[in-house]
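Asker: Below you'll find the structure I mean.
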Amino acid sequence: MSQIHPLQTGRFYKVKNPRKSFLCALCSAPRSMKYSKNLSGKNYLQILIVSICLSWLLYPVMGVRAVLLIFPLWMIAEVINKLLYRKELPCPYCGFDATWYRRDVTIAQRKVKEFWRDNFPEIDNKEQQPLHSQKVADAIVNQQQQESLDVTQSQDQVI
576 MSQIHPLQTG RFYKVKNPRK SFLCALCSAP RSMKYSKNLS GKNYLQILIV SICLSWLLYP
636 VMGVRAVLLI FPLWMIAEVI NKLLYRKELP CPYCGFDATW YRRDVTIAQR KVKEFWRDNF
696 PEIDNKEQQP LHSQKVADAI VNQQQQESLD VTQSQDQVI
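Next up, the structure:
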């Protein structure tokens, strides 16, 4: 069964509790993002609570140094948040990534083409097919028909 693209049907992904809603700059599809570029106050509170619990558990082993666990936890939370944010940035419908567009337009264009080639090869092949390829395709079809005729003739001879 052929895959129908959401841009054709008008049905888009729904994000629970989005922090930011906007339209894609390339395909104008409605987009929502769950993660933001920076940690929120809720995230800092979570880091603080986890670090207090770990400090309380590790105090007998590490002593006062257990209080310093807040800094590695903070760093880990920042890295995870940035990775999730970067993962969410490219458009799931057309592959457009605004951060790559700001850095280098040619790389952004290449990434969009790769997205279409990977997700929708039938659309990408139609656009890239040169004029002389029709002759090649006809020759391949003729060769396949000839091979199928040879197979049926050999089966008739066996019977």
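In short: position in the sequence shown from 1, add 575, done, that's this note's numbering.
For glycine and all other residues, C-beta sits at the position ideal for the given N, C-alpha and C.
What you are looking at is a predicted structure, and each value in this text was computed from that prediction instead of being measured.
Between Trp675 and the rest of its own chain, which residues show a CB-CB distance below 7 Å, the 5 nearest in sequence each way excluded?
Answerer: Excluding residues within five positions, the ones whose Cβ falls inside 7 Å are Ile682, Ala683 and Lys686.
Asker: Taking just the CA atoms, how far does Met637 sit from Trp649?
Answerer: So the two alpha carbons sit approximately 19 Å from each other.
Asker: Sorted by chain position, which residues of the same chain lie with C-beta nearer than 7 Å to Ala600's C-beta, five sequence neighbours on each side aside?
Answerer: Result list for Ala600: Phe671 and Ala673, in chain order.
Asker: Nearest-angstrom Cα distance between Arg677 and Ile645?
Answerer: The alpha-carbon atoms of Arg677 and Ile645 are separated by roughly 34 Å.
Asker: Measure the CB-CB distance between Glu614 and Ala652 and report whether it falls below 8 Å.
Answerer: The residue you asked about is not Glu; residue 614 is Leu in the sequence shown. Contact: yes.
Asker: Using only the alpha-carbon positions, how far apart do Pro635 and Leu623 sit?
Answerer: Between Pro635 and Leu623, the C-alpha separation is close to 19 Å.
Asker: Tell me where the beta strand (DSSP E) around Arg606 begins and ends.
Answerer: Taken as a continuous stretch (DSSP letters only), the beta strand (DSSP E) holding Arg606 covers Pro605 to Met608.
Asker: For Lys595, which residues does DSSP report across the bridge?
Answerer: Its beta-bridge partners are Met608.
Asker: Measuring CA to CA, which of Lys609, Pro647 and Val716 is closest to Val625?
Answerer: Minimum Cα distance to Val625 is reached at Pro647.
Asker: I need the boundaries of the alpha helix (DSSP H) containing Val590, first residue and last residue.
Answerer: Val590 -> no alpha helix (DSSP H), and no H or E assigned at all.
Asker: First and last residue of the alpha helix (DSSP H) that includes Val625?
Answerer: Gly616 to Met637 is the extent of the alpha helix (DSSP H) around Val625.
Asker: Tell me where the alpha helix (DSSP H) around Pro647 begins and ends.
Answerer: Unbroken alpha helix (DSSP H) run through Pro647: Ile645 to Glu663.
Asker: Can you name the start and end residues of the alpha helix (DSSP H) that Arg685 belongs to?
Answerer: Counting along the chain, the alpha helix (DSSP H) containing Arg685 begins and ends at Val680 to Asn694.
Asker: Tell me whether Tyr588 is buried or exposed, calling it buried when 16 or more other Cβ atoms sit within 10 Å of its Cβ.
Answerer: The residue is exposed, with fewer than 16 neighbouring Cβ atoms inside 10 Å.
Asker: Could you tell me how far apart the beta carbons of Glu663 and Lys591 are, in whole angstroms, since I believe they sit closer than 8 Å?
Answerer: 13 Å between Cβ atoms; not a contact.
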